[in-house]
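Number of protein chains: 2
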Amino acid sequence: MVRADPDSRDDQLTTVRVGLLGCGNVGGALVELVDKEADAISERSGVHLAITRIAVRDLTKDRASSGPPGRLTDDAMSVVEDPDIDLVVELIGGIEPAQSLIEQALRQGKSVISANKELLATHGAHLHDLAAKAGRDLLYEASVGGAIPLVRALSVSLAGERVSRVMGIVNGTTNYILSRMQSAHTTYEEALAEAIRLGFAESDPTADVEGHDAAAKTAIIASIAFNADVSVDDVYRQGITDIDIADIDFAQRRGYAIKLLALAERDGEGEDESIAVRVHPAMISNDHPLALVNGPFNAIFVEGEHAGELMLYGRGAGGQPSASAVLGDLLDAARALKRETTFLHPVRRRVRIRPIDELESTYCITLEVLDRPGVMAAVAEVFGRHGVSIRSMEQVGLTSEARMIFITHLALESDVQATLQGLKELDSVVRVGGLVRVIGDEDGE
Amino acid sequence: MVRADPDSRDDQLTTVRVGLLGCGNVGGALVELVDKEADAISERSGVHLAITRIAVRDLTKDRASSGPPGRLTDDAMSVVEDPDIDLVVELIGGIEPAQSLIEQALRQGKSVISANKELLATHGAHLHDLAAKAGRDLLYEASVGGAIPLVRALSVSLAGERVSRVMGIVNGTTNYILSRMQSAHTTYEEALAEAIRLGFAESDPTADVEGHDAAAKTAIIASIAFNADVSVDDVYRQGITDIDIADIDFAQRRGYAIKLLALAERDGEGEDESIAVRVHPAMISNDHPLALVNGPFNAIFVEGEHAGELMLYGRGAGGQPSASAVLGDLLDAARALKRETTFLHPVRRRVRIRPIDELESTYCITLEVLDRPGVMAAVAEVFGRHGVSIRSMEQVGLTSEARMIFITHLALESDVQATLQGLKELDSVVRVGGLVRVIGDEDGE
Numbered sequence: 015m016v017r018a019d020p021d022s023r024d025d026q027l028t029t030v031r032v033g034l035l036g037c038g039n040v041g042g043a044l045v046e047l048v049d050k051e052a053d054a055i056s057e058r059s060g061v062h063l064a065i066t067r068i069a070v071r072d073l074t075k076d077r078a079s080s081g082p083p084g085r086l087t088d089d090a091m092s093v094v095e096d097p098d099i100d101l102v103v104e105l106i107g108g109i110e111p112a113q114s115l116i117e118q119a120l121r122q123g124k125s126v127i128s129a130n131k132e133l134l135a136t137h138g139a140h141l142h143d144l145a146a147k148a149g150r151d152l153l154y155e156a157s158v159g160g161a162i163p164l165v166r167a168l169s170v171s172l173a174g175e176r177v178s179r180v181m182g183i184v185n186g187t188t189n190y191i192l193s194r195m196q197s198a199h200t201t202y203e204e205a206l207a208e209a210i211r212l213g214f215a216e217s218d219p220t221a222d223v224e225g226h227d228a229a230a231k232t233a234i235i236a237s238i239a240f241n242a243d244v245s246v247d248d249v250y251r252q253g254i255t256d257i258d259i260a261d262i263d264f265a266q267r268r269g270y271a272i273k274l275l276a277l278a279e280r281d282g283e284g285e286d287e288s289i290a291v292r293v294h295p296a297m298i299s300n301d302h303p304l305a306l307v308n309g310p311f312n313a314i315f316v317e318g319e320h321a322g323e324l325m326l327y328g329r330g331a332g333g334q335p336s337a338s339a340v341l342g343d344l345l346d347a348a349r350a351l352k353r354e355t356t357f358l359h360p361v362r363r364r365v366r367i368r369p370i371d372e373l374e375s376t377y378c379i380t381l382e383v384l385d386r387p388g389v390m391a392a393v394a395e396v397f398g399r400h401g402v403s404i405r406s407m408e409q410v411g412l413t414s415e416a417r418m419i420f421i422t423h424l425a426l427e428s429d430v431q432a433t434l435q436g437l438k439e440l441d442s443v444v445r446v447g448g449l450v451r452v453i454g455d456e457d458g459e
Numbered sequence: 015m016v017r018a019d020p021d022s023r024d025d026q027l028t029t030v031r032v033g034l035l036g037c038g039n040v041g042g043a044l045v046e047l048v049d050k051e052a053d054a055i056s057e058r059s060g061v062h063l064a065i066t067r068i069a070v071r072d073l074t075k076d077r078a079s080s081g082p083p084g085r086l087t088d089d090a091m092s093v094v095e096d097p098d099i100d101l102v103v104e105l106i107g108g109i110e111p112a113q114s115l116i117e118q119a120l121r122q123g124k125s126v127i128s129a130n131k132e133l134l135a136t137h138g139a140h141l142h143d144l145a146a147k148a149g150r151d152l153l154y155e156a157s158v159g160g161a162i163p164l165v166r167a168l169s170v171s172l173a174g175e176r177v178s179r180v181m182g183i184v185n186g187t188t189n190y191i192l193s194r195m196q197s198a199h200t201t202y203e204e205a206l207a208e209a210i211r212l213g214f215a216e217s218d219p220t221a222d223v224e225g226h227d228a229a230a231k232t233a234i235i236a237s238i239a240f241n242a243d244v245s246v247d248d249v250y251r252q253g254i255t256d257i258d259i260a261d262i263d264f265a266q267r268r269g270y271a272i273k274l275l276a277l278a279e280r281d282g283e284g285e286d287e288s289i290a291v292r293v294h295p296a297m298i299s300n301d302h303p304l305a306l307v308n309g310p311f312n313a314i315f316v317e318g319e320h321a322g323e324l325m326l327y328g329r330g331a332g333g334q335p336s337a338s339a340v341l342g343d344l345l346d347a348a349r350a351l352k353r354e355t356t357f358l359h360p361v362r363r364r365v366r367i368r369p370i371d372e373l374e375s376t377y378c379i380t381l382e383v384l385d386r387p388g389v390m391a392a393v394a395e396v397f398g399r400h401g402v403s404i405r406s407m408e409q410v411g412l413t414s415e416a417r418m419i420f421i422t423h424l425a426l427e428s429d430v431q432a433t434l435q436g437l438k439e440l441d442s443v444v445r446v447g448g449l450v451r452v453i454g455d456e457d458g459e
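Protein sequence lines correspond, in order, to chains A and B.
For the first sequence, the residue numbers in this note's numbering are 15 to 459.
For the second sequence, the residue numbers in this note's numbering are 15 to 459.
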């Protein structure tokens, strides 16, 4: 047992006892993986992992992996407080009771592995403080990008690197929908229905299509990439529900794909340093590796001052990939515990979060207008009044209406928002479509 | 100083003194990076890195980063044996004197960071043994794929994962050449000349175009992915010098790209376990993310039993990306030293290496033949005699000759090699082109 034998610093096999909270999709896959691969894991890591207690909500449910009698309980706090447990894996999700359980585990000197993006994106700073005070690890590779080793890449491999920007496709549901709209020329509604049918979307897809899931992941990514306190409330968020097949067609004709992009950017140094974090649909050139990430896959593109451009790609969700990520964390935390140290040395700073109003970007704006004389002049006047200059425009006639698609020069978000408001007030404008920011194209044509 | 104060297990700042061997492209970038980012590195890692001694070949050479007087020396062994040095970074390259220096450093209880793919691919097993005996780290993230955190992903993140296959584009020079042949429709010679002009290839490109560089990296990748002793001599190697623009055109028409692919595969369990390691040109479907990796970029695609498919992408070479990778290793090793432990717990096994003769694949074979009656029958007879069955064939008339391109059904390498030998002996065959194996297409049409 780890804590009972502080002198055991050698590389002999140590048993680390794990308490698992929650045994659904990911938990079940984890139990199976640890049970099945126990020998291979010991051989590779020098640590024998044993999941000795599992807390579940419903004890009467049939489970493939209940294991020896007495392993299952419906009292999660008793697992956390069990003195025989060295490490706690939290796979319950949501804020409570997950937060209280993790806090209690850390207070009891147990390291914690979690896949809980909602909790970490909301109370990550507080939980990190607790972990640091306890001298224990709080690891959460599985909270973003499934098995993609993103958290470790940013917190370990790139620990000496000044990361300037992270851009990612971190939500498989929306990426599946946008990919299908592009490749099969289906409408948003058809692609969504297909995604639900195939299990890539929940029957209530709000958390995905409105960008809530991606925003939580963006907060976690930014906090690790920039060693900063970033919460989900700091993230500007726009979902994909306004994206029309006409927008996708237009982008494709111009050599772009439309993706729901998670962005975390750092600007300035010292006191002038600021961080921008946002999730929104973006046009991204087909030359960019992110444009080619299709279907339910995730990818994260990192720009470092010295490392250059890096991209990590893989399946962003699913029981087995997430279990694989949890296991990686488990091994790091277990080996660190065995040596009475921590795997990570996290430092968090408070950095100014730049509001979206200060964003400078090029924008793609779609309007449906009545097809009558004077419309173009009225529309152009609104752009001009707010200082937003148009780089290119395309007009397609519908029946009694027309669709206008504008690409702006570099403009300030607040000016563009004022422009959109002005356009909505025009009698001749029937509908203002989804705003799509253009990425990687800083006003060069 | 690390070793003088074994009780200092707290998180207070510890200075780790680094001796650098070799100060060329990567070394210079490392010195600049460590000097410039010292504060940020301390803040993130809890370790103060100081490069206190630098061994160079030529003391008279002007350097931007020589630092304080006395830091430079031309006696590398004196750096290795300096009792004030805690960690040695070897950036000399080649077998000797790098090997003797690393061995001596490990014997003196110093952890070693190296970017030396040639040495690690040749004597990696021996050096790992030495490091294990010394209880020190031997880390080499920069030896494969520049700043791409591949070694760490395979050895740490996926430590609990059963990796079945790793496929990679690990040589930027050949990828640039093949990408140019495909996108700009240039010949091999033109693309090579351009690569040399742009600095993507050496003036003597042999090590790259013949696949030696990729083979060394493949050995390193396989040894980490499978925890096995794999040396560069185990790697089957075929370069890209036989690839013709006609091969690329043919592949493109069929929806494939041709890439120089590094492959490491594991088959079987226990006593039946075997590893195949090879580097050769391969046709890979445009649906596969590796097909879209163009120019000087590298990418490594990992298939794990639980993690699913992962890909890591980035710049594979260059002083700054490699320095960034070395720094990541430095921090891991320094933090481990501070805690009197090691970062990695490497285990190596001897596993049977499957010879290329046992490979089953589909093949693309190009022939230039005299355009006269009976040729097709003679060619088909050779295929038939060796039991290689043809899935599809395309014939293009040249002037007095014709080009035939065959795709086989799944066939055994030894049979295909015998077929090629038989084809070369036919009077009507002018030239047998480069053999290209087809990947990810196990005989389905």
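Ideal placement from N, C-alpha and C gives every residue a C-beta, glycine not left out.
All figures in this text were calculated on a predicted structure; none of them were measured in a lab.
The beta carbon of A:M181 sits no closer than 9 Å to any beta carbon of chain B.
A residue is called buried when at least 16 other Cβ atoms come within 10 angstroms of its Cβ; A:V340 meets this threshold and is buried. In terms of beta-carbon proximity, A:T66 stays away from the interface with chain B, with every pair separated by 9 Å or more.
The continuous alpha helix (DSSP H) containing B:L345 extends over residues 333-352. In the structure shown, B:F311 falls within a strand segment according to DSSP collapsed to helix, strand and coil. Counting only residues of its own chain and dropping the five nearest sequence neighbours on each side, B:I370 has a CB closer than 7 Å to the CB of Y250, R292, E427.
With a threshold of 9 Å between beta carbons, B:R194 makes no contact with chain A. Under the criterion of beta carbons closer than 8 Å, B:I183 and B:N312 qualify as touching, at roughly 6 Å. Distance from the CA atom of A:L101 to the CA atom of A:I68, rounded to whole angstroms, is 12 Å.
For the C-beta of A:M418, not a single chain B residue is nearer than 9 Å; the gap to the nearest is close to 33 Å. With the criterion set as a beta carbon lying under 7 Å from some beta carbon of chain A, the segment 106-137 of chain B has no members that meet it. Distance from the CA atom of A:E323 to the CA atom of B:G411, rounded to whole angstroms, is 44 Å.
For the pair of segments examined, the segment 376-396 of chain A was found not to touch the segment 133-142 of chain A: the number of CB pairs separated by less than 8 Å stays below three. Within the model, the alpha-carbon separation for A:D301 versus A:Y270 is close to 8 Å.
By the Cβ criterion, the segment 197-215 of chain A is not in contact with the segment 344-359 of chain A, since fewer than three pairs of Cβ atoms, one from each stretch, lie closer than 8 Å. Setting aside the 5 residues that flank it on each side, A:I404 is surrounded in the same chain by A394, F397, F420, I421, T422, H423, each with a C-beta closer than 8 Å to its C-beta; the list follows chain order. Here the C-alpha atom of B:R176 lies approximately 15 Å from the C-alpha atom of B:R362. Put simply, the CB of B:I453 is far from chain A, with every gap to its CB atoms at 9 Å or more. When beta bridges are read from the DSSP output, A:T29 appears opposite A:H62.
The C-beta distance from A:A233 to A:S245 rounds to 6 Å, short enough to fall under 8 Å. For the segment 321-332 of chain A, the set of residues with a beta-carbon nearer than 8 Å to any beta-carbon of chain B comprises A321, G322, E323, L324, M325, L326, Y327, G328, R329, G332, in chain order. Under the DSSP assignment, B:S125 falls in the beta strand (DSSP E) whose first and last residues are 125-128.
Interface flag for B:N185 against chain A is unset, since no Cβ pair is found closer than 9 Å.
When C-alpha distances from A:S128 are compared across A:T255, A:L35, A:D247, the shortest belongs to A:L35. Taking the beta carbon of A:E57 as reference, the chain B residues within 8 Å of it are N241, V361, listed in sequence order. Ranked by how close their Cα comes to the Cα of B:F357, the residues B:T66, B:E132, B:L152 have B:L152 in first place. Note: B:G318 is bridge-paired with B:V177, B:G322 in the DSSP secondary-structure output. Within chain B, the residues V170 have their CB atoms less than 8 Å from the CB of A:D346, given in chain order.
Taking 8 Å as the upper bound for CB-CB distance, B:G342 and B:E208 are not in contact here, some 33 Å apart. With contacts defined as CB atoms closer than 9 Å, A:G333 and A:G38 qualify as a contacting pair. Here A:P295 carries a strand assignment [DSSP, helix/strand/coil]. Beyond the five residues adjoining it in sequence on each side, B:Q113 comes within less than 7 Å, by CB distance, of L133, H137 in the same chain, given in chain order. Between A:A64 and A:V30, the C-beta spacing is below 9 Å. CA-CA distance, B:L73 to B:E319, rounds to 52 Å. Between B:R166 and chain A, the shortest Cβ-Cβ separation is below 9 Å. Here A:P303 is buried: its Cβ has 16 or more other Cβ atoms, across all protein chains shown, within 10 Å.
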